[in-house]
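Have a look at the structure below before the remarks.
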Amino acid sequence: VAVALGPSRRRSDSVLRWRIRHQLAFALCWSAGLALCAIAVAIVGFMAYKGAQYLRPALLVEHPQPGLDQAQTGGFLDPILGTALLTVIAILVATPIAVGTAVWIVEYGRPRWLARVIESAIEVVAGTPDIVIAIFGLAIFQLPLLAPLSFTASGGGVFGRSFFAAGAMMSLIALPMVYGSTREGLLAIPARMREASWALGKTRICTIREVLLPQVRRNVATGATLGMGRIVGDTAVVVILLGASLQLDPEGNVPGVNVLRGTGATLTTYVYNTSPAGEGNAPQKAYAAAVVLLAIVLVLNGAVALIGRRS
Amino acid sequence: MRAPWTDQQAERRLGAVACLVGLAVLAMVAFVAVKAWPSLAHNHGVAWLGPGGNPDTQLGAMIKTGQHPPAAAYHLRAWPLVYGTLLTSGLAVVAGLGFSLAASIFIVEFAPAPLRAIVVPAIRLLAAVPSVIYGLIGILVLAPFVGRHLITEQRRHSLAYVVQLDGTSLLVAAVVLTVMITPIMIAIVVDALRAIPPAWTEGAAALGANRWEVAWTVSVRAARPAIVAAAVLACARSLGEAVMISMVSGSRAFAPNLLDGVSFVFEPVRSLAATMVESADAINAPAVKSSIYAFALLLLLSSLALSIGGYIAKLPLRRQGMRV
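From first to last, the protein sequence lines stand for chains A and B.
First residue of the first sequence? That's 330 in the numbering used here, and the numbers climb one at a time after it.
First residue of the second sequence? That's 32 in the numbering used here, and the numbers climb one at a time after it.
Structure below.
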């Protein structure tokens, strides 16, 4: 009989010989893990099925129209554009701030107490519900000072709703993810890299720019992609700060800027409003838009995995 | 060409950028508190939280009070909403805790490597699904199922004078919320279980403990602080869930009554966050606005407290030198 060498625990530790209580617990753990898999598969499978049923290419390029009959309410071109525009604005605002903050905290971080305060501030932002961030944004963008950045009523009332407002607040949602990922990357760079650069007479900022930042590019990309996933999937900020109007609704007459000052919708609010919970009860449209939304989120998720695997 | 930054300039400029984030948090607390003040002041502080009447009708009445509402117009008793928030989050966290603990042990201790390579991405996917999609599935699939198959005619009749039972309910909200917060808890618990020094588990195995006993008596016990932290952070997440709850919970400021027996779980609720989303249309009425900011302040302070709680809960692990 061969003497078991190496990991022989498995053979002697057969589940069949355990006490019944332990076997039950073992079965419970297995079923919990498999149940989660089943839920994930069920959600994706169900949405794919609904997509095959209701998603038509025409829906992607038609403007939405108000109407009671689902056959006449058009597609969801505007919400798709809204999602894209909002994501771009928010990530363009969030990335430089997050990277700058991470660099300062890791590479300078003096005075120490200030660095600690800022680190906790980012934790607080990460833990704040999106709806609270949205309502905070409303308070800021309704200030008369910022009125030119948003939709203004004919009577002069400032609504504080625009792509500017929503994008700024969305950047606050994406910021902790970009920051966390960049910080991890910077911390993982060995000290000798910096020391070698300093020894060659480079200043700290030059080291950061030419040695450190190129190395954390991948981390920044991961964080930005994760942040984009959060932005694309967020509903509350859009409902409160973008107005969730059916079509893009430009404000003023400067081309380009008027869209940014105007209100609009994203896929999330389109799904919200066309579901039975919203005003326009059109479940087929809601399913179709939700499939597109889920596909975008899955692609972003896949991108994160891909970026992670290359390193 | 621009002269390159000197070190001092760079430090100051990057520091200023970092300070922006701190300022944003300060501004958030200040703005929300100032805007919430009228509602809290006119309701005598603590009474604001108490029971008394239906917040839906109270908010409805506020819309009609015009641009310069009298003090009496701010009357609000938010208890049904607070109760709804506590019920949905509480049920979801309790259910999610057991679920995520079992799943985490499965991932770390029992799952064969090929299976683990499927389970982990599946859980990451569950975490990435937007809440509006959970809400859509809840309202179009789960709620009709509950309404048709789980609520008996007799039960519907017995409560017909109190509230209409149509499937959108506390039960659906709690179930969907459980699925949403479980991935968050699993991520934290799995990290902690992985960080257990192998010497501890190997020691237990050498003493004759089987794999379950090793997992339960050594790993889970050592990771207890992380489990508490997971529960606390998941609680913070579920307090702030607005859109999904507003879609599936029946969206009425109704306080489910435990005396109704099993019907309790089929009754509609609405959380604070969901109320905020739904009242967004009426926000130009000053009284409604102040009430909404008061809800926001309550959520902000609770999530702040829970974040600190999560940090404190993890301290024992840090002291042992684990990175969590």
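Yeah, the Cβ is synthetic: ideal placement off N, Cα and C, and Gly gets one too.
Keep in mind that this is a model prediction, so the values were computed, not measured.
Could you check which residue in the options has the C-alpha nearest to that of residue i?
i                    : options                                    : result
leucine 122(B)       : Ala61(B), Thr209(B), Met307(B)             : Thr209(B)
cysteine 50(B)       : Leu443(A), Ala356(A), Thr597(A), Ser479(A) : Leu443(A)
leucine 421(A)       : Phe493(A), Tyr599(A), Ala594(A)            : Phe493(A)
lysine 66(B)         : Gly271(B), Ala305(B), Asn315(B)            : Asn315(B)
phenylalanine 176(B) : Leu346(B), Val203(B), Ala55(B)             : Val203(B)
asparagine 85(B)     : Ala205(B), Arg147(B), His99(B), Phe285(B)  : Phe285(B)
arginine 43(B)       : Gly556(A), Leu542(A), Thr597(A), Ile534(A) : Ile534(A)
alanine 354(A)       : Ala265(B), Ile227(B), Ala134(B), Ser294(B) : Ala134(B)
glycine 631(A)       : Gln40(B), Ala148(B), Pro152(B)             : Pro152(B)
tryptophan 68(B)     : Leu128(B), Ser269(B), Tyr324(B), Leu332(B) : Tyr324(B)
aspartate 291(B)     : Thr306(B), Met211(B), Ser189(B)            : Ser189(B)
tryptophan 433(A)    : Met557(A), Leu515(A), Ala381(A)            : Leu515(A)
isoleucine 258(B)    : Gly83(B), Ser131(B), Leu146(B)             : Ser131(B)
leucine 80(B)        : Leu329(B), Pro229(B), Leu270(B)            : Leu329(B)
cysteine 358(A)      : Arg147(B), Arg155(B), Ala205(B)            : Arg147(B)
alanine 304(B)       : Pro584(A), Ile460(A), Ala381(A), Ile349(A) : Ile460(A)
leucine 589(A)       : Trp347(A), Thr412(A), Val561(A), Ala369(A) : Thr412(A)
valine 446(A)        : Val77(B), Leu54(B), Thr37(B), Ala72(B)     : Leu54(B)
If I measure Cβ to Cβ from residue i and keep anything under 7 Å in the same chain, skipping five residues before and after, which residues do I get?
i                : result
glycine 340(B)   : Val263
leucine 388(A)   : Gly404, Phe405, Ala617
arginine 490(A)  : Ser479, Phe480, Leu570, Leu571, Gly572, Thr592
alanine 104(B)   : Met93, Thr96, Ala318
proline 336(A)   : No answer about proline 336(A) holds up, because its pLDDT of 49 lies below 50 and its placement is not dependable.
leucine 467(A)   : Gly489, Ile569, Leu570
arginine 187(B)  : Leu196
glycine 178(B)   : Asp197, Gly198
leucine 475(A)   : Ile469
valine 150(B)    : Ile138, Ala142
glycine 127(B)   : Thr209, Ile212, Thr213, Met216, Ala265
glutamine 352(A) : Val344
glutamate 608(A) : Asn602
List the residues of chain A whose Cβ lies closer than 8 Å to the Cβ of residue i, in chain order.
i               : result
arginine 155(B) : Asn630
tyrosine 324(B) : Ile464, Ala468
leucine 90(B)   : Neighbours of leucine 90(B) on chain A: none; closest Cβ ~15 Å, over 8 Å.
Among residues of its own chain, excluding the 5 on either side of residue i, which ones have a beta-carbon nearer than 8 Å to its beta-carbon?
i                : result
valine 332(A)    : Caution is warranted here: a pLDDT of 47 is assigned to valine 332(A), below 50, making its placement in the model unreliable, and no coordinate value can be reported.
glycine 207(B)   : Position check: residue 207(B) holds valine in this sequence, whereas glycine was assumed. Same-chain partners within the cutoff: Tyr165, Gly166, Ile168, Gly169, Leu173, Met275, Val279.
valine 139(B)    : Val221, Leu224, Arg225, Ala246, Ser250
methionine 32(B) : Low per-residue confidence applies at methionine 32(B): pLDDT is 48, beneath 50, and the placement is therefore not dependable enough to give any value.
proline 100(B)   : Met93, Ala316, Pro317, Ala318
glutamine 544(A) : Gly514, Ile518, Met522
So which residues on chain B does residue i lean against when the C-beta distance must stay under 9 Å?
i                 : result
serine 604(A)     : Val163, Gly166, Leu167, Ile170, Leu171, Met278
tyrosine 601(A)   : Val163, Gly166, Leu167, Val274, Ser277, Met278, Val308
arginine 533(A)   : Asp38, Ala41, Glu42
isoleucine 569(A) : Met307, Val308, Ala311, Ile314
Using a C-beta to C-beta distance shorter than 7 Å, which residues of chain B count as neighbours of residue i?
i                 : result
tryptophan 442(A) : Ordered by position in chain B, no residue passes the 7 Å Cβ test against tryptophan 442(A), which lies about 11 Å from the chain.
alanine 450(A)    : Val52, Gly53, Val56
alanine 423(A)    : The contacting residues do not exist; alanine 423(A) stays about 11 Å from chain B at best.
leucine 529(A)    : The premise fails here: leucine 529(A) is roughly 15 Å from chain B at the closest Cβ pair, so nothing lies under 7 Å.
Got a sec? Which residues, its chain only, sit under 6 Å from residue i by beta carbon, not counting five neighbours each side?
i                : result
glutamate 452(A) : none
valine 600(A)    : Ala615, Ala618, Ala619
serine 526(A)    : Thr536, Val540
glycine 115(B)   : Val300, Arg301, Ser302
threonine 306(B) : Leu112
leucine 334(A)   : Only weak support is given to the placement of leucine 334(A): the predicted model assigns it a pLDDT of 48, under 50, and the question is left unresolved by the model.
glutamate 309(B) : Ser277
Identify the continuous alpha helix (DSSP H) that holds residue i and give its terminal residues.
i                    : result
tryptophan 79(B)     : From DSSP, tryptophan 79(B) is part of no alpha helix (DSSP H); its letter is neither H nor E.
phenylalanine 295(B) : Segment: none, phenylalanine 295(B) is in no alpha helix (DSSP H) and carries neither H nor E.
glycine 562(A)       : 546 to 562
asparagine 582(A)    : From DSSP, asparagine 582(A) is part of no alpha helix (DSSP H); its letter is neither H nor E.
tryptophan 433(A)    : Here tryptophan 433(A) belongs to no alpha helix (DSSP H), and DSSP marks it neither H nor E.
lysine 320(B)        : 317 to 350
glutamine 44(B)      : What sits at residue 44(B) in the sequence shown is arginine, not glutamine. Looking at the DSSP string, the run of the alpha helix (DSSP H) that includes arginine 44(B) is 38 to 73.
asparagine 602(A)    : 596 to 603
histidine 188(B)     : 184 to 189
threonine 213(B)     : 201 to 225
glycine 514(A)       : 492 to 517
phenylalanine 470(A) : 459 to 470
I want to verify the contact list: residues of chain A whose CB lies under 9 Å from the CB of residue i, in sequence order.
i             : result
proline 35(B) : Thr532, Ile534, Cys535, Arg538
Name the chain B residues whose beta carbon is nearer than 8 Å to that of residue i?
i                 : result
isoleucine 447(A) : Ala49, Cys50, Val52, Gly53
Inset, instruction - Count the CB pairs spanning the region 563 to 581 of chain A and the region 393 to 407 of chain A that are closer than 8 Å, and state whether there are at least three. - result: Counting Cβ pairs under 8 Å, three or more are found: they touch.
Inset, instruction - Determine, using beta-carbon pairs with one atom in the region 102 to 119 of chain B and one in the region 234 to 254 of chain B, whether at least three such pairs fall under 8 Å. - result: Touching, no, given that fewer than three Cβ pairs across the two stretches are closer than 8 Å.
Inset, instruction - Check whether the region 192 to 201 of chain B touches the region 285 to 298 of chain B, taking contact to mean three or more Cβ pairs, one atom from each stretch, closer than 8 Å. - result: Cβ pair count under 8 Å is three or more, so yes.
Inset, instruction - Spell out a yes or no on whether the region 410 to 425 of chain A and the region 494 to 508 of chain A are touching, meaning 3 or more CB-CB pairs, one atom from each, closer than 8 Å. - result: Taking a cut-off of 8 Å on C-beta distances, the region 410 to 425 of chain A touches the region 494 to 508 of chain A, as three or more cross pairs fall below it.
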